[in-house]
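Participant: Take this structure first; my questions come after.
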Amino acid sequence: MQTPSDQHDRHDYPSHWEADVVLRDGGTARIRPITAEDADRLVSFYEQVSDESKYYRFFAPYPRLSAKDVHRFTHHDQVDRVGLAATVGGEFIATVRYDRIDERGMAASAPADEAEVAFLVQDAHQGRGVASTLLEHIAAVARERGIRRFAAEVLPANTKMIKVFTDAGYQQKRSFEDGVVRLEFDLEPTDRSLAVQRAREQRAEGRSVQRLLTPGSVAVIGVGRAPGGVGRSVLANLRESGFTGRLYAVNSAFEEEAEGARDACVGGVAAHRSVAAIEEPVDLAVVAVPAERVPQAVAECGERGVRGLVVLSAGYGESGQLGRERQRELVRQARSYGMRIIGPNAFGVINTSPETRLNASLAPQSPARGRIGLFTQSGAIGIALLSGLHRRGAGLSTFVGSGNRADVSGNDLLQYWFEDPDTDVTLMYLETIGNPRKFTRLARRSATTKPLVVVQGARHSGITPTGHAVQATRLPHATVSALLRQAGVIRVDTVTEMVDAGLLLAGQPLPSGPRVGILGNSESLGLLTYDACVADGLRPLPARDLTTAATPADFRAALAEALSDDGCDAVIVNAIPWVGEDGAATDPETLATELRAAAAGCPAKPVAVVHVELGGLAEALAAAASTRPDAPAPPSSRQPAEEAAPHTQDEPAPATDQYRIPAYPAAERAVRALSEAVKYAQWRREAAEPGRVPEYDDIDESGAADRIAELLAKDGDPRGLTLAPADAHELLGRYGIRVRHALPAPGSDAAAEAARTLGYPVALKTTAPHLRHRADLGGVRLDLTDEEQLRRAYQELTDAFGSPAELRPVVQGMVPRGVDTVVRAVIDPAAGAVLSFGLAGAASELLGDTAHRLIPVTDREAASLVRSIRTAPLLFGWRGSAPVDTPALEELLQRVSRLVDDHPEVVTVSLEPVVVAQRGLSVLDASVRLAPPPARDDLGPRTLPGY
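This is the structure:
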């Protein structure tokens, strides 16, 4: 009889196990199943492993692998025996394998659910987090194959491998016998294992971006001898920004020049024929050659050990099908060498840190140093934003113009900025979100400490910008926007609004509430500001008119008084030109100084200025020192003036100058920015106490799981199935969701019999799709108190709408009167599980008055969901009506959330209508759809987007 290890492959090659990953140091590797074709790679890999590492793996000297070993380690059935390899440049750097075992430790097949796992990592790559990444992936594979527990035997001296297991966060048992440490751990993800995984993901992806933004050396590939051209422009920008590292110009055409071109210079920078000809290490390569020559440049960079690429070259995804395939190959090629890419079709990167001073972009002028991080997918928008921020006196910490964002995306930048001490506010222009589920998760975490302002382009066109690979979403843009706001994202409509909000958030403290003081020397401007505050949901205090005779000293006194008022959370100052008693014209510098002095007296409240035709005021305010309580002091207050480092054009001003009083040319813009700050501050306060996902004693999670598996197995359709009403009601019942019973009424006699069974009064309604839940069309008849009324209603329905076979009528007992609502949950392939709530009826549907939350929903989020629709007053006693049982409604929302969160096979739930009465509620109809769950989701192992 054959043992499992002797059997031939029983499954096709599992290509969905392939993944590109980011390692701890920011480099990349590819993880894939080991196959029979890998024999030579395995032997070569093993020869490069030290004797000590071999001893730790096999518990004895094991200098080389025998032919039998090679066969065993490269032939797997992909079920009971699985091997994965991490590769860089096509060569193995680490391997992991599991073998399914029984309770005696012997080779076994299912239903045995334990496996023995073992790793081997090349010494040169130890310490890069390879083993912990492989553990995540082999654990996911094992769970997919029905394995629930791993066992590993490790020598006590092999402390690195013991740490890999103990730090993973799984629940485990540890024993010591015969000189060997035996570790056993369950593979079910725990809160701790997920936290460990997410923390490692953040460090690795953040580090991969840091390597691109803080290079010690840069090579620009595609630099011509003559001035002009993309490569030459970027090289000039790098020099003029004062880049602190080494610069190299590269162009293969240099070879055709005079002898000694190797030592020649271009624009004052050493010129080389290829990256391979550069003797020193190269950290970053900026590629500016035609698309057909990029593969050769990438190969040279990979062989030379370059860490990352900024590909400015066009001709990729934005140019059609051929370009999209070229883009996919570019990503595959770069990742095979462990490199990450910004681009292609990128605008470039900027880092204003004095330790780096990097301007590897097409922006001719490097922005001032500041505290704003900026990401944009469009070069044109990037130019507009850089120019707009520069005009407003704002500085940046870092900038990335990603172009087609084939690899490095906004998610990666969020990981980097989360821990970047030089960035306080992040601004992002996004035309697409490649992984909305991950973006929402990262945004929620980032927004708890740093404001994130987002503009989404292509919101209403329904067209994905060329060059962008994105997951399909079935959710409308309004829903996606609502989910982003739930995650703490400050979502605005235009880049102008993004700059306005960014300036306020970067330069001022967050307001503690919506009460706004208004003062200035124009009564009309004050009234406009007041109206704008009301329109944006703020609570303005009566505007104070200082009259046109007000001097800068009057402004200072009035602002100081407003800021000291405990009933005021923020102040907007309006200023128009004035002429003093001596005939002297307006002096913006003096006014800025006085306003700055007043704001300094109360640094915990934000101040914004609206100026009309006051040239120079915005610039003067932009140069003001910080009003934030935690801002570092300027150099002059920390050291003697003669010791303070002088400013030069090559050295940006200190970041402390970034904290300024923002100025706006219109009241509406200042108010909108302040309104976004107020809403964001409120979100932060609520996020500090997010609530909890409640437990319910009557939920039968295991019984529901068994029933779901039975229904899916019985149907067999990989696309899934919509449950029959009885099955849907049974499944919902296992989560404490009771659906009111309805009896079919194929004829008037059957309807009368159903009514006698249920008891009068009853409702008669059709279940035909075009009339379902449409009382407004006459498809529902309520409060039928006897058989005569029922038969009359039945006849009217069939006369008006068609035969019973078409209408599919049902009879249902009447429930207490209340407010009709709708509860839905759906698993979107891009955004994840979403819970929706609204009132039933055409009016709400027509107005789109539906609120959404990401699943799982906490008790606080359920309460917020109920109250966030515009028609919510109808639930709370509008115009003298009785309030309904909203606690019962919130509990229902949480039970639906639990069902979908516990069982990813439940892809759609619809409860309509849900009648919420003064006491309790009634679910009158429900539908549930099931589908096989995805092999991998956001709870799975860390991966980069696939190409």
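Be aware that the sequence shown starts at 1019, since it is given in our numbering, and climbs by one per residue.
Every residue, glycine too, gets a C-beta built ideally from N, C-alpha and C.
Classify D1554: buried if its beta carbon has 16 or more other beta carbons within 10 angstroms, exposed otherwise.
Facilitator: buried
Participant: Alpha carbon to alpha carbon, how far is K1086 from S1062?
Facilitator: In a straight line, the C-alpha of K1086 is about 16 Å away from that of S1062.
Participant: At which residue ranges does the stretch 1860-1920 contain complete alpha helix (DSSP H) runs of 4 or more residues, listed in the order of the chain?
Facilitator: 1860-1865, 1877-1885 and 1904-1920
Participant: Determine the direct distance from the alpha carbon of L1431 to that of G1224, and round the result to whole angstroms.
Facilitator: 7 Å
Participant: For V1148, which residues in the same chain have their Cβ closer than 8 Å to its Cβ, ignoring the five residues on either side in sequence?
Facilitator: L1041, A1047, A1104, I1111, A1112 and V1139
Participant: To which residues does DSSP link N1369 through a beta bridge?
Facilitator: L1376 and T1416
Participant: Return the first residue and the last residue of the beta strand (DSSP E) that P1762 is part of.
Facilitator: P1762 -> beta strand (DSSP E) spans A1760 to P1762.
Participant: Of the residues V1711, D1030 and R1409, which one's Cα is nearest the Cα of L1917?
Facilitator: Closest option to L1917, judged by alpha-carbon separation, among V1711, D1030 and R1409: V1711.
Participant: Quick check: the Cα distance between G1751 and L1501, rounded to an integer number of angstroms?
Facilitator: 29 Å
Participant: Quick check on the DSSP output: what are the complete beta strand (DSSP E) runs of length 3 or more inside the stretch 1802-1839, in order along the chain?
Facilitator: 1827-1831
Participant: For the ligand MN, is there a heavy atom less than 7 Å away from the beta-carbon of T1208?
Facilitator: The ligand content of the structure shown is nil, which means the ligand MN is not present either.
Participant: Quickly, what does DSSP pair Y1682 with across the bridge? List them, please.
Facilitator: Under DSSP, Y1682 forms a beta bridge with V1628.
Participant: Ends of the alpha helix (DSSP H) at I1399?
Facilitator: It spans G1397 to R1409 - the alpha helix (DSSP H) in which I1399 sits, taken as one unbroken run.
Participant: Candidates L1948, R1344, D1804 and K1178: which alpha carbon is nearest D1141's?
Facilitator: The shortest Cα separation from D1141 among L1948, R1344, D1804 and K1178 belongs to K1178.
Participant: Near D1030, which residues of its chain fall below 6 Å by C-beta distance, leaving aside the five closest residues on each side in sequence?
Facilitator: none
Participant: If I measure Cβ to Cβ from S1010 and keep anything under 8 Å in the same chain, skipping five residues before and after, which residues do I get?
Facilitator: The question about residue 1010 has no answer, for the chain in this structure spans 1019 to 1965.
Participant: Among residues of its own chain, excluding the 5 on either side of D1804, which ones have a beta-carbon nearer than 7 Å to its beta-carbon?
Facilitator: Y1778
Participant: Would you please state the rounded distance, in angstroms, between the beta carbons of L1537 and R1562? I believe it to be under 8 Å.
Facilitator: 4 Å
Participant: How far does the beta strand (DSSP E) with G1421 in it extend, from its first residue to its last?
Facilitator: First-last for G1421: undefined, no H or E at that position.
Participant: Measure how close the beta-carbons of V1828 and P1762 come, nearest whole angstrom, since I'm counting them as under 8 Å.
Facilitator: 6 Å
Participant: What is the residue span of the beta strand (DSSP E) that R1192 lies within?
Facilitator: Q1190 to E1195
Participant: Among the residues of its own chain, which have a CB less than 7 Å from the CB of P1313, if the five just before and after it don't count?
Facilitator: Q1351
Participant: Look up C1967 in the DSSP assignment and say whether it is helix, strand or coil.
Facilitator: Residue 1967 is absent from the structure shown; the chain starts at 1019 and stops at 1965.
Participant: Output the residue ranges of the alpha helix (DSSP H) runs that lie fully inside the stretch 1541-1590 and measure 4 residues or longer, sorted by chain position.
Facilitator: 1541-1553 and 1570-1581
Participant: Could you pull the DSSP bridge partners for K1697 from this structure?
Facilitator: K1697 is not bridged to any residue.
Participant: Assuming E1975 is part of the beta strand (DSSP E), what are its boundary residues?
Facilitator: Lying outside 1019 to 1965, the shown extent of the chain, residue 1975 is not represented and no answer is given.
Participant: Let's see if you can read the secondary structure: which residues bound the alpha helix (DSSP H) around A1267?
Facilitator: First-last for A1267: R1264 to V1268, but that is the beta strand (DSSP E), not the alpha helix (DSSP H).
Participant: Using the rule of at least 16 other Cβ atoms within 10 Å of the residue's Cβ for burial, across every protein chain shown, is A1217 buried or exposed?
Facilitator: exposed
Participant: Check the C-beta distance from A1880 over to L1857 and give it rounded, since I have them as a contact under 8 Å.
Facilitator: The beta-carbon separation of A1880 and L1857, rounded to 16 Å, does not stay under the 8 Å limit for a contact.
Participant: Would you check if there are 3 or more beta carbon pairs closer than 8 Å linking the stretch 1517-1529 to the stretch 1430-1450?
Facilitator: yes
Participant: Report back the beta-carbon spacing between T1416 and T1441 to the nearest angstrom; my notes put them in contact at under 8 Å.
Facilitator: 7 Å
Participant: List the endpoints of the continuous beta strand (DSSP E) containing Q1228.
Facilitator: Run containing Q1228: none in the beta strand (DSSP E); it sits in the alpha helix (DSSP H), D1209 to L1231.
Participant: Looking at the secondary structure, which residues open and close the beta strand (DSSP E) in which L1431 lies?
Facilitator: Not the beta strand (DSSP E): L1431 falls in the alpha helix (DSSP H), residues G1428 to E1437.
Participant: Can you give the beta carbon distance from K1783 to Q1813, rounded, assuming they're within the 8 Å contact cut?
Facilitator: Incorrect: roughly 15 Å between the Cβ atoms, too far for contact.
Participant: Could you compute how far the alpha carbon of D1204 sits from the alpha carbon of I1180?
Facilitator: 16 Å
Participant: Assuming contact is defined by CB atoms lying nearer than 8 Å, are N1429 and K1468 in contact in what I supplied?
Facilitator: No, these two residues do not count as a Cβ contact at 8 Å.
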